[in-house]
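Colleague: Okay, so the sequence shown: first residue is 1 according to the working numbering, each after it adds one. Beta carbons: idealized from backbone N, C-alpha and C, even for Gly. Computed from a predicted model, the values in this text were never measured in an experiment. Have a look at this one.
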Amino acid sequence: MDSSAPATSVTQNDGLGWQSDIIADLIRQYGFPFITLNPGASYRGLHDSLVNHNGDEPPMLLCQHEKIAVQIAHGYAKASGQPLAVIVHNVVGLLHATMGIYYAYTDRAPVFVIGATGPMDEGKRRPRVDWAHTANVQGTQIRDYVKWDYQPGGMGGVVDSFARAYSIMMTEPQGPIYMCYDAALQEAPLSEPIALPSLKSTKTPSRIAPDPAALEEAADRLVAADWPVLVPQFVGRDKNGYSDMVALAETLGAPVADTQWRLNFPPEHPLDMRMNRDVFKQADLITLLDCRDWERPTHENDRINRTLKPLFPEHCEWLDIGFADIEISKWATDYQRFPECAQRVLADTALALPALTSIIGKRAKDDAKLARKITERGQAVAEMHDAQRAKWREQAKADWDASPITLPRLATEVWNKIQHEDWVLTTNAFEDWALKLWDFDRSYRWPGKALGTGTQIGMATGVALAHRGTGRLVVDCQTDGDLLFDVGALWFAAKHKVPFLCVMHNNRAYYNDWEHQITVARQRGTPVDRAYIGMDIMDPAPDFSTIARGFGWYAEGPIEDAKDIASALDRAIAQVKSGVPALVDIITQHAG
1 MDSSAPATSV TQNDGLGWQS DIIADLIRQY GFPFITLNPG ASYRGLHDSL VNHNGDEPPM
61 LLCQHEKIAV QIAHGYAKAS GQPLAVIVHN VVGLLHATMG IYYAYTDRAP VFVIGATGPM
121 DEGKRRPRVD WAHTANVQGT QIRDYVKWDY QPGGMGGVVD SFARAYSIMM TEPQGPIYMC
181 YDAALQEAPL SEPIALPSLK STKTPSRIAP DPAALEEAAD RLVAADWPVL VPQFVGRDKN
241 GYSDMVALAE TLGAPVADTQ WRLNFPPEHP LDMRMNRDVF KQADLITLLD CRDWERPTHE
301 NDRINRTLKP LFPEHCEWLD IGFADIEISK WATDYQRFPE CAQRVLADTA LALPALTSII
361 GKRAKDDAKL ARKITERGQA VAEMHDAQRA KWREQAKADW DASPITLPRL ATEVWNKIQH
421 EDWVLTTNAF EDWALKLWDF DRSYRWPGKA LGTGTQIGMA TGVALAHRGT GRLVVDCQTD
481 GDLLFDVGAL WFAAKHKVPF LCVMHNNRAY YNDWEHQITV ARQRGTPVDR AYIGMDIMDP
541 APDFSTIARG FGWYAEGPIE DAKDIASALD RAIAQVKSGV PALVDIITQH AG
């Protein structure tokens with residue numbers, strides 16, 4: 001049999017349509033704004049239903065790689081709070097998508113991944129191709145880092161499992177799910193009408209509320225502490241999290257050491273103490289707020305000996321408010337070390353923080369001594385905050401005219417051009433220099449820190465897609481090694497008219513790893529000048545502006561003289577405002 005021959009046509013049964021129409025109906029009913037996908041014949045039935053039954057509603061956005069498709073959805077969800085549907089081809093498409101799915105899981109981003117397999121009925125498989133692309137329980141490939149996966153055995157399970165998957169995905173802590181549909185199931189005609197979920201049906205359950213008694217006890221600890229430090233990680237995932245953190249910190253007069261997985265707190269606020277090691281020295285209570293990444297900000301990390309030294313005193317106690325051990329991975333240990341806490345409160349911080357703020361506020365109102373302590377502590381924190389930011393501003397002036405260009409100089413040049421715009425930064429915050437020098441005065445200014453190499457351009461594009469049409473100027477600080485992983489994402493932005501400003505942080509190296517090799521060489525007494533081997537991106541150095549222009553972007557560079565940055569940014573921003581994505585390639589120093 002010729003496996004390339006067109007499939008035999010099937011007559012629809014009594015005009016009821018096709019089974020894939022029901023899946024398309026569900027995608028539309030659940031309100032996904034877009035579908036990102038890379039084509040695959042395993043879901044050809046669903047694709048036809050999306051085009052002809054749904055009329056391309058929601059719109060399908062073509063991506064050059066399944067990982068990019070997932071990462072665009074990841075960035076979109078972080079920026080907007082809304083999930084996208086992502087469709088990937090059977091075994092091989094899912095294998096391409098795995099890294100994107102894993103990062104969405106660790107970053108708690110809701111992504112509705114749809115795949116296909118089979119036909120599971122061996123009698124319906126084409127020779128070789130259908131056999132090679134069919135797996136026994138395909139979801140096992142990603143089961144350890146999705147919240148749920150399911151492969152319905154027939155149409156009787158399609159609607160129920162879709163509704164359950166959406167609810168699981170959107171229930172906090174959020175994360176990706178995977179639905180797998182048999183190719184033969186998709187392509188078969190409907191034999192009977194299938195009822196969709198009622199439009200009145202609740203899509204997700206209510207949030208996890210704190211135990212009132214536990215919250216009162218937490219308030220007791222916080223008001224009794226002389227130097228409580230607040231450490232948020234995912235609080236800013238909620239649309240009110242940024243303002244909730246401000247309210248709690250101000251009510252308590254407490255410093256905030258933001259872990260920066262989301263924009264949990266404004267860096268310019270007088271109580272902001274991110275990246276300040278001194279804030280923990282006198283801490284007698286450290287409060288984790290929806291936070292698992294607690295060791296990094298609170299310890300001195302000896303990278304070469306792999307040892308940690310606490311920055312806090314031995315008598316310091318810990319309080320944890322969050323999701324505890326709900327939905328931790330059974331495969332990767334991204335859940336971090338288990339903290340020894342005096343108290344743990346299971347709750348969604350979206351509910352716990354306002355309630356805690358109210359309790360503390362009432363106590364301070366009725367207790368003049370407590371109110372005075374809160375005011376005096378807040379003033380002390382503000383002095384530390386001002387001194388730290390003044391120090392950063394002074395450090396930023398070092399090597400101002402150097403070539404290659406320093407990151408503080410580049411961050412400053414970009415800030416000078418965007419500070420009067422309604423701007424958004426995507427992932428990499430100019431290696432933290434934007435957080436040290438810019439004013440993040442709105443919750444949507446930044447969706448949170450960059451993740452690993454091979455993730456940033458896809459997520460940045462998703463962030464830009466989420467803000468498309470708002471009039472906001474989206475800025476991406478784009479590292480060179482990361483872009484080389486997924487350069488096809490540039491085509492997506494041009495094709496689907498997603499304009500943003502891509503400022504290359506191009507140090508022509510995978511320098512994070514290079515720096516590790518320098519550290520090891522120094523410790524072992526081996527030649528430091530050989531650490532670059534297998535790390536540099538030179539000879540030849542990629543011409544990113546030429547690459548970007550080839551994908552339909554406006555582009556300039558490479559720029560090696562800092563005095564040329566401002567005018568190049570002016571021209572690029574003008575292009576972005578006209579609807580064209582623009583890239584400016586800046587050659588930067590290795591050190592951040």
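Report, in whole angstroms, the separation of the C-beta atoms of Thr349 and Val223, which I expect to be a contact under 8 Å.
Modeller: In fact, because the Cβ distance is near 19 Å, the residues do not count as touching under 8 Å.
Colleague: Is DSSP giving Val256 helix, strand or coil here?
Modeller: Note: Val256 maps to strand in three-state DSSP.
Colleague: From the DSSP output, in three-state form, read off Ile587 for me.
Modeller: Strand at Ile587.
Colleague: In angstroms, rounded to a whole number, what distance separates the CA positions of Gly153 and Glu317?
Modeller: Going by the C-alpha atoms only, they are around 51 Å apart.
Colleague: Is the CB-CB distance between Ile537 and Ala509 below 8 Å?
Modeller: Yes, Cβ-Cβ distance for Ile537 and Ala509 is below 8 Å.
Colleague: Asp366 lies in the beta strand (DSSP E); which residues open and close that run?
Modeller: Not the beta strand (DSSP E): Asp366 falls in the alpha helix (DSSP H), residues Thr349 to Asp366.
Colleague: Roughly how many angstroms separate the alpha carbons of Gly552 and Ala582, rounded to a whole number?
Modeller: Those two C-alpha atoms are separated by around 9 Å.
Colleague: Could you compute how far the alpha carbon of Leu271 sits from the alpha carbon of Cys63?
Modeller: About 42 Å.
Colleague: For Ile72, which option in Asp529, Trp491, Pro558 and Gln589 has the closest C-alpha, if you only look at C-alpha atoms?
Modeller: Ranking the options by Cα distance to Ile72, first place goes to Trp491.
Colleague: Return yes when the Cβ of Thr204 is within less than 8 Å of the Cβ of Thr171, no when it is not.
Modeller: For Thr171 and Thr204, yes; Cβs fall inside 8 Å.
Colleague: Go to Ala218, then tell me how far its alpha helix (DSSP H) extends in each direction, as first and last residue.
Modeller: Residues Pro212 to Ala224.
Colleague: In the DSSP output, what is Ala555 paired with across the bridge?
Modeller: Ala555 is bridged to Leu583.
Colleague: Using the C-alpha atoms, what's the distance from Phe485 back to His65?
Modeller: Cα to Cα, the separation comes out at about 11 Å.
Colleague: Hey, which unbroken runs of the alpha helix (DSSP H) at 4 residues or more fall wholly within the segment 43-126?
Modeller: The segment 43-126 contains these whole alpha helix (DSSP H) runs: 44-48, 66-80 and 91-106.
Colleague: Which word fits Ile326, buried or exposed, when buried means at least 16 other C-beta atoms lie within 10 angstroms of its C-beta?
Modeller: Flag for Ile326 reads exposed.
Colleague: Is Asp148 helix, strand or coil by DSSP?
Modeller: Looking at the sequence provided, one finds Trp at residue 148 rather than Asp. Looking at Trp148 - three-state DSSP - the assignment turns out to be strand.
Colleague: Go through its chain and collect everything with a Cβ distance to Val10's Cβ below 8 Å, but skip five positions before and after it.
Modeller: In this prediction, Val10 has a pLDDT of 41, which is less than 50 and means its spatial position is unreliable; what the coordinates show is noted afterwards. The residues are Glu187, Ala188 and Pro189.
Colleague: Restricting to Cα atoms, I'd like to know which of Gln379, Tyr242, Leu425 and Lys495 is closest to Cys502.
Modeller: When each option's Cα is compared against that of Cys502, the closest is Leu425.
Colleague: Buried or exposed: Leu61, going by 16 or more other Cβ atoms within 10 Å of its Cβ?
Modeller: The residue in question, Leu61, is buried, as its Cβ has 16 or more Cβ neighbours within 10 Å.
Colleague: Go ahead and pull the three-state DSSP assignment for Arg344.
Modeller: DSSP places Arg344 in strand when its eight states are reduced to three.
Colleague: Classify Ala332: buried if its beta carbon has 16 or more other beta carbons within 10 angstroms, exposed otherwise.
Modeller: Ala332 is exposed by the Cβ-count criterion.
Colleague: How long is the line joining the alpha carbons of Tyr102 and Met273, rounded to whole angstroms?
Modeller: Distance between the alpha carbons of Tyr102 and Met273 is about 30 Å.
Colleague: Does Ile22 pass the burial test, meaning 16 or more other C-beta atoms within 10 Å, or should it be called exposed?
Modeller: Counting Cβ neighbours within 10 Å, Ile22 comes out buried, since at least 16 surround it.
Colleague: Could you work out which residue in Ala411, Asp513, Ala380 and Gly322 is closest to Trp392 when comparing CA atoms only?
Modeller: Per the Cα distances, Ala411.
Colleague: When the Cα atoms are used, what is the spatial distance from His496 to Phe34?
Modeller: Approximately 11 Å, taken between the alpha carbons.
Colleague: Does DSSP put Val474 in a helix, a strand or coil?
Modeller: Val474: strand per DSSP, three-state reduction.
Colleague: Our contact map puts Asn90 next to Ala116 with C-beta atoms below 8 Å; I'd like the distance itself, whole angstroms only.
Modeller: Yes, Asn90 and Ala116 are in contact; Cβ-Cβ is about 5 Å, under 8 Å.
Colleague: Just the C-alpha distance for Gln260 and Phe440, rounded to the nearest angstrom, thanks.
Modeller: Taking the straight line joining both Cα atoms gives about 12 Å.
Colleague: My guess is that Ile559 and Val576 are in contact by the Cβ rule of under 8 Å, so how many angstroms apart are they, rounded?
Modeller: Not confirmed; about 17 Å, so no contact.
Colleague: From Leu330 to Lys67, what distance separates their C-alpha atoms?
Modeller: As written in the sequence, residue 330 is Lys, which differs from the Leu given in the question. In a straight line, the C-alpha of Lys330 is about 22 Å away from that of Lys67.
Colleague: Whether or not the segment 420-434 and the segment 37-45 are in contact is what I'm after, with contact meaning three or more pairs of Cβ atoms, one per stretch, closer than 8 Å; do they touch?
Modeller: They do not touch, by the three-pair rule.
Colleague: In the DSSP assignment, what residue or residues form a beta bridge with Pro189?
Modeller: The partner list for Pro189 (beta bridge, DSSP) reads Trp18.
Colleague: Do you know whose CA, among Ser20, Ala77 and Ile194, lies nearest Phe32's CA?
Modeller: Out of Ser20, Ala77 and Ile194, Ala77 has the C-alpha closest to the C-alpha of Phe32.
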